[in-house]
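Chains as they are written, first to last, in the working numbering: chain A, 9 to 483; chain B, 9 to 471.
So this is what it looks like as structure tokens:
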């Protein structure tokens, strides 16, 4: 029986230990191999500025629990907003029932209690209070849209958006995992729609950090607006790109979405489990050009995908995925380790308590190489330079695609006219060996990744890279 | 009421009366005279399988509310929460009051004048959930049958069978009270097939119903198998301009991605391809009608009312290719001097979105070129089955798109799957380059639509 009531402090901390121990013992005594409880509190603020007016302020807060039970290689997962003893008990019993288990049916627990709390949040208690208050946040956003007005031409619409996501988590599992963390993600986006007669160009940029309460205060609105306006001014009169196969040079920062989509997802153990990655049996083999070394890590200070511990209570680490073209290892979570044998990498992540954790990327990038960006461009007779990338996706057969927001033709080793409307498509197995040159200007960029365990904060990144040949969709 | 877990929720769902009572007293204690609320509560169970074994079984109980508060200056603030306890409601109301200080004086939402108007009847039978073990058996059987359809189908990597029981409420301080209960079920099967020395191919199918027992499981298996097998024999396509035949699903995806054309909020924000004077303009060929009709019986899980309590209705968007109406919230309708249309969300700035499209030939127009048959065409035809990556490849405010797709090239009546390709164009040109329609309109999760022929689209392939 679960008799211990959860604490009423509203904080997720060691006071929860007795209630969690009751749940874990109950699950184990029902015959579960492992029981995991994920508790969460969230506090979100969204602000939207349009032209020179704040048009939307959207606070939201919530709490909930996700309870996961493993039996063999199977698992059952139940989430609930009801953190009362009865609510948690009901969720546990439902998860057990999915596996044909019932409380007390095994007669023994085998669970010896939780150890002391590993509290990664101890130094983060004041983060939320240190973030800008609403008045300051709205003023900074209006500064951004004002800068767009000052620096842009032919702007039909100007938007600035700010999102602050605070999350407190407590993870306890019957294998002795007991950790707490606080995460803080802030991002600012600037978007414009430029229009002149029949010419239209929509351009946007988003800047994001983790764990830096002062981020919005330090945001350089002038520089961000300049970047957006310059791109909009260029793309407004750009012609549509001519379709075909051609070499491409992809700029640093968000250009890293190519590795994220083309290869990163295929190195998650969820893809190994599904049988949807061509790389499943290729650890130790060459899967990319020797110029490519690729890394996934959760350690870079302030990066959007960094975390002290993952959503399964494991500390983040640096994972070399590909070294000089050779596949080293996969991105793995608890279920991935259980089902594929690939050791956990601190990559069990989820959007919220309503999702079971899955193996997901953190800060994922191609490492810097020896060349200058100019050398890459100079090596192309006729091709495409992708200065700014949009979003993309990868399908169940490894086919990827992503949009080019700002592109230029490369002719005789020189950047010439701007082009728009390009989509790059290809297949991971084919494109990775074609990344033949990496420059020395690695930079990261904040992004969001949607997959099996919801939308999570990630970083993509790379230096300038050259792809020898890729299909460019256009008109 | 018995079995109450927290304010406004019971073991069986939400209690509108309890929510109203709690909010009214908290609002009064905090000096809040005008408020409204949207609440939702759901119970879900779902299963996935992998080659005969249960992969993941999930359950969820969710509840959430969004409250709006009008302050003494008439400005609106909003807050959302999943905490439906008394303390949670109070925090939400006071948070909304605090946010109202930053309300937009130039665009203040009000209660919908139709928030108490009669609702159209919807035939939505409530089914008791079957339970996870029956779902699991059904899905294992479906997977097994799909795997047996062809030697090349080795896995069904994306699959799921789910049941949901849900409830929605809209309340306001003027006495409006809307409540809707619903049960729905969904099945999706996406198979992956691979032949020796060839690239893997994938395709799938989806089915919706009001209960798991009503799902067309056999139809889903057949469609997933046929589509997957049809992609095994593939070849690259040469880049060029082609006449394309969009499947109902693909055409509805495209219309949905550019629904900003019909969206009054987008028009007011200056990010739509339409403007305030666009009503009455010709946007498409003279034989195209598009209606938004959330009330269509094929719209499984239709909402009876929108986020502001306005009844769902059938609305003409294009008739004879001419723009007739925009989709509206209360605020945009007021700005245009019309009635709200039942397409609002809820917020300080209220979003507007479509429900469910009906694409058809304009009555009496002949529907463009008659007798279209993609297998009897004299020229190569690209049959676009499904579009991908709409989030990345659509520039809604510019009108342009460049999208990967799955489909077939039909030459001499013989279809052959296209290896990898994109289709690119401009929605305004697409609407004016429609040649005609083929076949009967098909009900899909996003609407009702026949196959649509469009000439002169740019296809990029790898041949």
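For each residue, glycine too, the CB sits at the ideal point set by N, CA and C. Because the structure is a prediction, the values reported are computed rather than measured.
Compare the C-beta of residue i against all C-beta atoms of chain D and say whether one is closer than 8 Å.
i: residue 140 (chain B); result: The chain inventory of the structure shown lacks chain D, comprising the protein chains A and B.
In its own chain, which residues sit with a C-beta less than 7 Å from the C-beta of residue i, not counting the 5 before and 5 after it?
i: residue 311 (chain A); result: 218, 371, 452, 467
i: residue 104 (chain B); result: 75, 76, 77, 85, 86, 87
i: residue 160 (chain B); result: 201, 202, 203, 240
i: residue 395 (chain A); result: 259, 414, 415, 416
i: residue 10 (chain B); result: In this prediction, residue 10 (chain B) has a pLDDT of 31, which is less than 50 and means its spatial position is unreliable; what the coordinates show is noted afterwards. Cβ neighbours of residue 10 (chain B) beyond the five flanking positions: none.
i: residue 96 (chain B); result: 89
i: residue 387 (chain B); result: 251
Compare the C-beta of residue i against all C-beta atoms of chain A and say whether one is closer than 8 Å.
i: residue 408 (chain B); result: yes
i: residue 300 (chain B); result: no
i: residue 115 (chain B); result: yes
i: residue 35 (chain B); result: no
i: residue 232 (chain B); result: no
i: residue 65 (chain B); result: yes
i: residue 405 (chain B); result: yes
i: residue 438 (chain B); result: no
i: residue 42 (chain B); result: no
Please list the terminal residues of the continuous alpha helix (DSSP H) segment that includes residue i.
i: residue 263 (chain B); result: 256-265
i: residue 157 (chain A); result: 142-159
i: residue 281 (chain A); result: 277-282
i: residue 199 (chain A); result: Counting along the chain, residue 199 (chain A) falls outside any alpha helix (DSSP H), though it belongs to the beta strand (DSSP E) covering 186-204.
i: residue 152 (chain B); result: 140-155
i: residue 225 (chain B); result: 225-238
i: residue 55 (chain A); result: Counting along the chain, residue 55 (chain A) falls outside any alpha helix (DSSP H), though it belongs to the beta strand (DSSP E) covering 42-58.
i: residue 93 (chain A); result: 93-106
i: residue 134 (chain A); result: That residue, residue 134 (chain A), is in no alpha helix (DSSP H); it is neither H nor E in DSSP.
When the Cα atoms are used, what is the spatial distance from residue i to residue j?
i: residue 252 (chain B); j: residue 389 (chain B); result: 6 Å
i: residue 366 (chain A); j: residue 355 (chain A); result: 8 Å
i: residue 42 (chain A); j: residue 104 (chain A); result: 11 Å
i: residue 348 (chain B); j: residue 220 (chain B); result: 35 Å
i: residue 380 (chain B); j: residue 213 (chain B); result: 25 Å
i: residue 293 (chain A); j: residue 252 (chain A); result: 31 Å
i: residue 129 (chain A); j: residue 463 (chain A); result: 23 Å
i: residue 30 (chain A); j: residue 433 (chain A); result: 51 Å
i: residue 32 (chain B); j: residue 107 (chain B); result: 19 Å
i: residue 325 (chain A); j: residue 472 (chain A); result: 25 Å
i: residue 314 (chain B); j: residue 409 (chain A); result: 35 Å
i: residue 93 (chain A); j: residue 331 (chain B); result: 56 Å
i: residue 432 (chain B); j: residue 267 (chain B); result: 18 Å
i: residue 237 (chain B); j: residue 136 (chain B); result: 36 Å
i: residue 160 (chain A); j: residue 338 (chain A); result: 45 Å
How would you label residue i, buried or exposed, when you count the other beta carbons within 10 angstroms and need 16 or more for buried?
i: residue 399 (chain A); result: buried
i: residue 318 (chain B); result: buried
i: residue 284 (chain B); result: exposed
i: residue 305 (chain A); result: buried
i: residue 290 (chain B); result: exposed
Along the chain, where does the beta strand (DSSP E) containing residue i start, and where does it finish?
i: residue 19 (chain A); result: Note, residue 19 (chain A): premise wrong, no beta strand (DSSP E); not H, not E.
i: residue 413 (chain B); result: 408-419
i: residue 465 (chain A); result: 462-470
Any heavy atom of the ligand ATP within a distance shorter than 7 Å of the CB on residue i?
i: residue 201 (chain B); result: The model on display carries no ligand, and the ligand ATP is accordingly not part of it.
Spatial neighbours of residue i within its chain, please: C-beta separation below 6 Å, excluding the five flanking residues on both sides.
i: residue 84 (chain A); result: 77, 103, 106, 107
i: residue 407 (chain A); result: 435
i: residue 430 (chain A); result: 249, 412, 415, 480, 482
i: residue 281 (chain B); result: 269, 407
i: residue 446 (chain B); result: 380, 459
i: residue 174 (chain A); result: 51, 136, 192
i: residue 319 (chain A); result: 356, 357, 358, 365
i: residue 478 (chain A); result: 256, 432, 434
Under 8 Å between C-beta atoms, does residue i make it to chain B?
i: residue 106 (chain A); result: yes
i: residue 3 (chain A); result: Chain A is shown from 9 up to 483; residue 3 (chain A) falls before or after that span and cannot be answered.
i: residue 282 (chain A); result: yes
i: residue 90 (chain A); result: yes
i: residue 476 (chain A); result: no
i: residue 253 (chain A); result: yes
Keeping to the same chain, check which residues put their C-beta closer than 8 Å to that of residue i; ignore five residues upstream and five downstream.
i: residue 279 (chain B); result: 268, 404, 405
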